[in-house]
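**Student:** Protein chains in written order, with the working numbering: chain A, 2 to 297; chain B, 2 to 297. The C-beta atom is built at its ideal place from N, Cα and C for all residues, glycine as well. Starting off with a structure, shown below.
There are 2 protein chains.
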Amino acid sequence: MRNINEDTITQAVLASITNCKDERFRQVMTSLVQHLHSFAREINLTEDEWFKGIQFLTATGHITDDVRQEFILLSDVLGLSTLVTAQNNIKPEGCTEATVFGPFFVEDAPTYPLGADMANGAGGEPCFVQGKITDPQGIALAGVSMDVWQSDEDGHYDVQLPRTESGHHEHRARGRFISDAHGGYHFRSILAQPYPIPHDGPVGKMLEALGRHPWRPAHLHFMLVAHGFERLITHVFRDQDRYLDSDAVFGVRSTLIADWVRHEAGTAPDGSLVDRPFYTLDYDFVLNPVKASAQP
Amino acid sequence: MRNINEDTITQAVLASITNCKDERFRQVMTSLVQHLHSFAREINLTEDEWFKGIQFLTATGHITDDVRQEFILLSDVLGLSTLVTAQNNIKPEGCTEATVFGPFFVEDAPTYPLGADMANGAGGEPCFVQGKITDPQGIALAGVSMDVWQSDEDGHYDVQLPRTESGHHEHRARGRFISDAHGGYHFRSILAQPYPIPHDGPVGKMLEALGRHPWRPAHLHFMLVAHGFERLITHVFRDQDRYLDSDAVFGVRSTLIADWVRHEAGTAPDGSLVDRPFYTLDYDFVLNPVKASAQP
Numbered sequence: 002m003r004n005i006n007e008d009t010i011t012q013a014v015l016a017s018i019t020n021c022k023d024e025r026f027r028q029v030m031t032s033l034v035q036h037l038h039s040f041a042r043e044i045n046l047t048e049d050e051w052f053k054g055i056q057f058l059t060a061t062g063h064i065t066d067d068v069r070q071e072f073i074l075l076s077d078v079l080g081l082s083t084l085v086t087a088q089n090n091i092k093p094e095g096c097t098e099a100t101v102f103g104p105f106f107v108e109d110a111p112t113y114p115l116g117a118d119m120a121n122g123a124g125g126e127p128c129f130v131q132g133k134i135t136d137p138q139g140i141a142l143a144g145v146s147m148d149v150w151q152s153d154e155d156g157h158y159d160v161q162l163p164r165t166e167s168g169h170h171e172h173r174a175r176g177r178f179i180s181d182a183h184g185g186y187h188f189r190s191i192l193a194q195p196y197p198i199p200h201d202g203p204v205g206k207m208l209e210a211l212g213r214h215p216w217r218p219a220h221l222h223f224m225l226v227a228h229g230f231e232r233l234i235t236h237v238f239r240d241q242d243r244y245l246d247s248d249a250v251f252g253v254r255s256t257l258i259a260d261w262v263r264h265e266a267g268t269a270p271d272g273s274l275v276d277r278p279f280y281t282l283d284y285d286f287v288l289n290p291v292k293a294s295a296q297p
Numbered sequence: 002m003r004n005i006n007e008d009t010i011t012q013a014v015l016a017s018i019t020n021c022k023d024e025r026f027r028q029v030m031t032s033l034v035q036h037l038h039s040f041a042r043e044i045n046l047t048e049d050e051w052f053k054g055i056q057f058l059t060a061t062g063h064i065t066d067d068v069r070q071e072f073i074l075l076s077d078v079l080g081l082s083t084l085v086t087a088q089n090n091i092k093p094e095g096c097t098e099a100t101v102f103g104p105f106f107v108e109d110a111p112t113y114p115l116g117a118d119m120a121n122g123a124g125g126e127p128c129f130v131q132g133k134i135t136d137p138q139g140i141a142l143a144g145v146s147m148d149v150w151q152s153d154e155d156g157h158y159d160v161q162l163p164r165t166e167s168g169h170h171e172h173r174a175r176g177r178f179i180s181d182a183h184g185g186y187h188f189r190s191i192l193a194q195p196y197p198i199p200h201d202g203p204v205g206k207m208l209e210a211l212g213r214h215p216w217r218p219a220h221l222h223f224m225l226v227a228h229g230f231e232r233l234i235t236h237v238f239r240d241q242d243r244y245l246d247s248d249a250v251f252g253v254r255s256t257l258i259a260d261w262v263r264h265e266a267g268t269a270p271d272g273s274l275v276d277r278p279f280y281t282l283d284y285d286f287v288l289n290p291v292k293a294s295a296q297p
C-alpha cells in the first residue's frame, strides 16, 4: 500500500476495511468512501476548497451544543433529511405522511392533560388544536403519546431563547399529550408563524452563498408513538403560507397542509371565553401498523 | 416544491441553488448533493443510521479545538486527503512528491538558525538531518522556508502534550529553517518513531469498528515555500518501518522513504560530541516551478 494515487486510493481504503466484522457498517462505509471520492474527483476538489470544507465542518461542530444542532440543520437544507425520511416512511394510502424531524425536538417535554395550554408563556395568538388518532380502518387509538413542539410568534423555539438563571430552558410551546379513550386529543397553544431557520451560523452563511432563503412555512411538529404502530414524526402546515413552495428544508407535503380557521374574540372550542381573535385547527392522524407495509 | 419524495428531492435541492452567483461553488455543491443523496439511496440509509451519523459529526466537532483537528483526521483515514493531495500535486518526474498535510501543523513555529536543535526538550534519540534544495535542473535554491514538525519518542506531537501554565503549548520537535546560499539545510532533532494517530475520539472508534489499526510509519513532516515554486507539503519516512505498507492515512510514497543511518556515540555531522547512539538522515528536495506542469 505505497504510491497510492488519485485513482488507486479508493480501492486502498476499501481494502483496509475488509476485516470489519459489522457487515452493514462495512457496506455503509464502502458506499460513503466511494461517493466521497467520486465527489472530490468529479469536481477536481482543490486543496484550498478541501480546507474550507474542514473549516466549515469545524465551525458547524463548534456552534452545535445541547440545544442547537447545526448538523441536523445542514442535513435538512441539503435535502438529506427529507430523502432519509421519505425512503424510510413509505406508508399505505390513507396513513398520515411523515416529514423531517428538524433540530428542535427536546426529550423531556412536560406531559400535559388534554385541553391544557402548552404555550406556557410563549407569545402568539391563541390556537386551539384538536383531532382524532386512528388506525387505517378508522379504529380509535387510545393512549397514544403525542409530542407537540412549535415556535412562538417571533419564530423562536424555546431552546433558542435565553436560558434561565439555573442554566436551563423553560419548556414553552412544547408538550406531550396522551389520546383519550376515543382516540381524541385537544390542546391550546399559539398560532404557528413562518420563521427562518437559524441562519447566524455556518449553515446560514452557506445558504446565503447559494442564493437561498432560510424560511420555513408555519407548522406544528408532531411525534406520535403507539404500541404496535410505526412512530410518526411529522408536521401540520398552515395553508396559504407564502413559503409552502420554497420550504428551506423541503418538508412540505400536500396532505399535511390544513385549514387554520380564524375566529373573532368569543367562546373557544373548550368553552372558555377568549378576549382576542383566535384560531382553530382540526387534524386527524392515521398511524401505520408495524410491518403493515410489508403485508399484501 | 411540495410532495417531494426520495426520487425527486435531489432535483429539488439543485433547483433551489440556481440563483447561486458563485459558479464554482454551485458546481461543488451540485456534485456534493448528488453524491450525498446517491449514497443515502444506494445503501437505503435508515433513520437510526442517519442519527448515528449526526451524533458522529457532532462528537467530531466537539473534540476539535485549536490544537486537535478531528475532521482532518477523518479526511485522512477515509483517504480523502490523499486523493486531494494527489490530484493537486501532479509534478514532473524528478520533483519531490507531496503527501498529506495531517492535523498537527502549527502556524507560528519558531524560526531557528541552521544547525539548531529543534527538539527543544522533546525526548528521543538524537537525529541529524541535512540535505539540499534545488529546482529540477539541480540549481540550488537559497532562502527557502522549510517548516519541519514531528512526534517525539512516545509518538506525541507537542500540541498533544499538556499545556503550560499560561495555557499554551511549547514548541517541541517543530521549527522553521531557511536554506543557505547553496540551497543547503541542516538541523538537529530526535529520531521519528511510528505512532498511532489520536484514537481516543470518534475517528478512533470508527477505525476500531472498521477493523483498522491507527498506526503511521515513522516520518518527518516538511513544508517548503519558495518564491516561484509550488509549495511542497510532504513527509520523509523511515525505511524498514513495519507500517510502511499499512499507513492509517495512506500517505507513503516510495520516493519519500529514506535511509536513517544509526551511529554509535561519537562525533556528529555538526562536529559535536554525542555521548549516545545517534541517527543521520540525508534528504534532498526538488521543488516544482509554478505552472511548470502546464508548460510543454
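For the putative contact between Ile44 of chain B and Val29 of chain A, defined by C-beta atoms under 8 Å, what is the C-beta separation to the nearest angstrom?
**Tutor:** Your numbering for residue 44 of chain B matches position 43 in the second sequence. Your numbering for residue 29 of chain A matches position 28 in the first sequence. The Cβ separation is near 5 Å, so the contact holds.
**Student:** Spell out a yes or no on whether the segment 118-128 of chain A and the segment 74-85 of chain B are touching, meaning 3 or more CB-CB pairs, one atom from each, closer than 8 Å.
**Tutor:** no
**Student:** What residues in the segment 3-34 of chain A have a beta carbon less than 8 Å from any beta carbon of chain B?
**Tutor:** Arg3, Asn4, Ile5, Asn6, Glu7, Ile10, Thr11, Ala13, Val14, Ser17, Ile18, Thr19, Asn20, Cys21, Lys22, Asp23, Phe26, Arg27, Gln28, Val29, Met30, Ser32, Leu33, Val34
**Student:** What are the boundary residues of the alpha helix (DSSP H) that Phe205 of chain A is part of?
**Tutor:** As a working note, residue 205 of chain A is residue 204 in the first sequence. As written in the sequence, residue 205 of chain A is Gly, which differs from the Phe given in the question. Its alpha helix (DSSP H) spans residues 203-210.
**Student:** Evaluate the contact criterion for the segment 92-106 of chain B versus the segment 224-236 of chain B: three or more CB pairs, one atom per stretch, below 8 Å.
**Tutor:** Under the Cβ criterion (8 Å, minimum of three pairs), the segment 92-106 of chain B counts as touching the segment 224-236 of chain B.
**Student:** I'd like to know whether the C-beta atoms of Lys22 of chain B and Gly267 of chain A end up nearer to each other than 8 Å.
**Tutor:** Taking the second sequence and counting its residues from 1, one reaches residue 22 of chain B at position 21. Taking the first sequence and counting its residues from 1, one reaches residue 267 of chain A at position 266. No, the Cβ-Cβ distance between Lys22 of chain B and Gly267 of chain A is not below 8 Å.
**Student:** Cα separation between Val287 of chain B and Ala249 of chain A?
**Tutor:** On the second sequence, position 286 is the one that residue 287 of chain B refers to. On the first sequence, position 248 is the one that residue 249 of chain A refers to. Going from the Cα of Val287 of chain B to the Cα of Ala249 of chain A covers about 50 Å.
**Student:** Could you tell me whether the segment 270-285 of chain A touches the segment 139-150 of chain A, where touching means 3 or more Cβ pairs closer than 8 Å?
**Tutor:** The count of Cβ pairs closer than 8 Å, one atom from the segment 270-285 of chain A and one from the segment 139-150 of chain A, stays below three, leaving the stretches out of contact.
**Student:** Cβ of Phe188 of chain A within 8 Å of Cβ of Ala110 of chain A?
**Tutor:** Mapped onto the first sequence, residue 188 of chain A falls at position 187. Mapped onto the first sequence, residue 110 of chain A falls at position 109. No, Cβ-Cβ distance for Phe188 of chain A and Ala110 of chain A is not below 8 Å.
**Student:** Does the distance from the C-beta atom of Ile5 of chain B to that of His38 of chain B stay below 8 Å?
**Tutor:** In the second sequence, the residue the question calls residue 5 of chain B occupies position 4. In the second sequence, the residue the question calls residue 38 of chain B occupies position 37. No, they are not a contact pair.
**Student:** For Gly252 of chain B, which residues of its own chain have a beta-carbon under 7 Å away from its beta-carbon, when the five flanking residues on both sides are left out?
**Tutor:** As a first step, residue 252 of chain B must be located in the second sequence, where it is residue number 251. Contacts found: Thr83, Thr100, Val101, His236.
**Student:** Taking buried to mean at least 16 other C-beta atoms within 10 Å of its own C-beta, is Gln56 of chain A buried or exposed?
**Tutor:** Counting from one through the first sequence, the residue named residue 56 of chain A turns up at place 55. Gln56 of chain A comes out exposed.
**Student:** Determine the direct distance from the alpha carbon of Arg263 of chain A to that of Leu245 of chain A, and round the result to whole angstroms.
**Tutor:** Taking the first residue of the first sequence as 1, we reach residue 245 of chain A at position 244. Taking the first residue of the first sequence as 1, we reach residue 263 of chain A at position 262. Using only the alpha carbons, I get a separation of about 19 Å.
**Student:** Are Arg243 of chain A and Pro195 of chain A close, meaning C-beta to C-beta below 8 Å?
**Tutor:** Sequence index remark: in the first sequence, residue 243 of chain A carries index 242 (1-based). Sequence index remark: in the first sequence, residue 195 of chain A carries index 194 (1-based). Yes.
**Student:** Which whole-angstrom value describes the C-beta separation of Phe223 of chain A and Asp276 of chain A, a residue pair presumed to lie in contact below a C-beta threshold of 8 Å?
**Tutor:** Residue mapping note: residue 223 of chain A aligns to position 222 of the first sequence, counting from 1. Residue mapping note: residue 276 of chain A aligns to position 275 of the first sequence, counting from 1. The pair is not a contact, with the Cβ atoms about 29 Å apart (cut-off 8 Å).
**Student:** In terms of alpha-carbon separation, which member of B:Arg27, B:Asp159, B:Gly229 lies closest to Asp67 of chain B?
**Tutor:** The residue you call residue 67 of chain B lines up with position 66 of the second sequence. That would be B:Asp159, whose Cα lies nearest to the Cα of Asp67 of chain B.
**Student:** For Val291 of chain A, which residues of its own chain have a beta-carbon under 8 Å away from its beta-carbon, when the five flanking residues on both sides are left out?
**Tutor:** The count along the first sequence starts at 1 and reaches residue 291 of chain A at position 290. Once the five neighbours on either side are set aside, the close Cβ partners of Val291 of chain A are Gly229, Phe230, Glu231.
**Student:** Run the CB neighbour count on Gln70 of chain A, radius 10 Å, all protein chains shown included, and call it buried at 16 or more, exposed below.
**Tutor:** Here residue 70 of chain A refers to the residue found at position 69 when the first sequence is read from its first residue. Counting the other Cβ atoms within 10 Å of the Cβ of Gln70 of chain A gives 16 or more, which makes it buried.
**Student:** Chain A beta carbons: is any one of them nearer than 8 Å to that of Ala309 of chain B?
**Tutor:** Residue 309 of chain B is absent from the structure shown; chain B starts at 2 and stops at 297.
**Student:** Starting from Leu245 of chain A, find everything on chain B with Cβ-Cβ shorter than 9 Å and list it in chain order.
**Tutor:** The sequence position of residue 245 of chain A within the first sequence is 244, counting from 1. Per Cβ cutoff of 9 Å: Met2, Arg3.
**Student:** Who are the neighbours of Asp248 of chain B on chain A, taking C-beta pairs under 8 Å?
**Tutor:** In the second sequence, the residue the question calls residue 248 of chain B occupies position 247. Simply Met2.
**Student:** Output, in chain order, the set of chain A residues within a Cβ distance shorter than 7 Å of Glu43 of chain B.
**Tutor:** As a first step, residue 43 of chain B must be located in the second sequence, where it is residue number 42. Going along chain A in sequence order, the residues near Glu43 of chain B (Cβ under 7 Å) are Ser32.
**Student:** I want to check one thing, is the minimum distance from the CB of Pro137 of chain A to the heavy atoms of the ligand NAP below 7 Å?
**Tutor:** The model on display carries no ligand, and the ligand NAP is accordingly not part of it.
**Student:** Reducing DSSP to helix, strand and coil, say where Lys133 of chain A ends up.
**Tutor:** Along the first sequence, one-based indexing puts residue 133 of chain A at 132. The answer is strand: DSSP assigns Lys133 of chain A an E or B state.
**Student:** Would you say Ala87 of chain B reaches chain A, if we count a Cβ-Cβ gap shorter than 8 Å as a contact?
**Tutor:** Within the second sequence, residue 87 of chain B is the residue found at index 86, counting from 1. Judged by the 8 Å Cβ criterion, Ala87 of chain B is in contact with chain A.
**Student:** With a threshold of 8 Å between beta carbons, is Glu50 of chain B in contact with chain A?
**Tutor:** Numbered from its first residue, the second sequence carries residue 50 of chain B at position 49. Cβ-Cβ to chain A under 8 Å: yes for Glu50 of chain B.
**Student:** As an exercise, report each continuous alpha helix (DSSP H) stretch of at least 4 residues that is fully enclosed by the segment 57-89 of chain B, in chain order.
**Tutor:** DSSP runs (the alpha helix (DSSP H)) wholly in the segment 57-89 of chain B: 71-78, 81-89.
**Student:** Can you tell me whether Pro203 of chain A is buried or exposed, with buried defined as 16 or more other CB within 10 angstroms of its CB?
**Tutor:** Taking the first residue of the first sequence as 1, we reach residue 203 of chain A at position 202. Counting Cβ neighbours within 10 Å, Pro203 of chain A comes out buried, since at least 16 surround it.
**Student:** Identify, in the order they occur along the chain, each residue of the same chain with its Cβ nearer than 7 Å to the Cβ of Arg254 of chain B, setting aside the five sequence neighbours on each side.
**Tutor:** Numbered from 1 along the second sequence, position 253 holds the residue referred to as residue 254 of chain B. Taken in chain order, the residues that qualify are Glu98, Thr100.
**Student:** Check the Cβ of Ala210 of chain A against every Cβ in chain B and list those closer than 8 Å, keeping chain order.
**Tutor:** Position 209 of the first sequence holds residue 210 of chain A. Those are Cys21, Asp23, Phe26, listed as they occur along chain B.
**Student:** From what residue to what residue does the alpha helix (DSSP H) around Ile10 of chain B run?
**Tutor:** Taking the second sequence and counting its residues from 1, the one referred to as residue 10 of chain B is at position 9. Its alpha helix (DSSP H) spans residues 10-17.
**Student:** Taking a contact to mean a Cβ-Cβ separation below 8 Å, would you say Ser190 of chain A touches Val130 of chain A in this structure?
**Tutor:** As a working mapping, residue 190 of chain A is identified with position 189 in the first sequence. As a working mapping, residue 130 of chain A is identified with position 129 in the first sequence. Going by C-beta atoms, Ser190 of chain A is nearer than 8 Å to Val130 of chain A.
**Student:** Roughly how many whole angstroms lie between the Cα atoms of Thr256 of chain B and His220 of chain B?
**Tutor:** Counting from 1 along the second sequence, the entry for residue 256 of chain B is found at position 255. Counting from 1 along the second sequence, the entry for residue 220 of chain B is found at position 219. Rounded to whole angstroms, Thr256 of chain B to His220 of chain B spans 13 Å at the Cα level.
**Student:** Confirm, please, whether the CB-CB distance from Pro215 of chain B to Gly205 of chain B is below 8 Å.
**Tutor:** As a first step, residue 205 of chain B is located in the second sequence; it is residue number 204 there, counting from the start. As a first step, residue 215 of chain B is located in the second sequence; it is residue number 214 there, counting from the start. Contact: yes.
**Student:** For a minimum of 3 consecutive residues, which ranges assigned as the beta strand (DSSP E) are wholly contained in the segment 205-259 of chain A?
**Tutor:** 220-226, 233-239
**Student:** For Arg175 of chain B, which residues does DSSP report across the bridge?
**Tutor:** Against the second sequence, residue 175 of chain B aligns to sequence position 174. For Arg175 of chain B, which the question treats as bridged, DSSP gives the partners B:Trp150.
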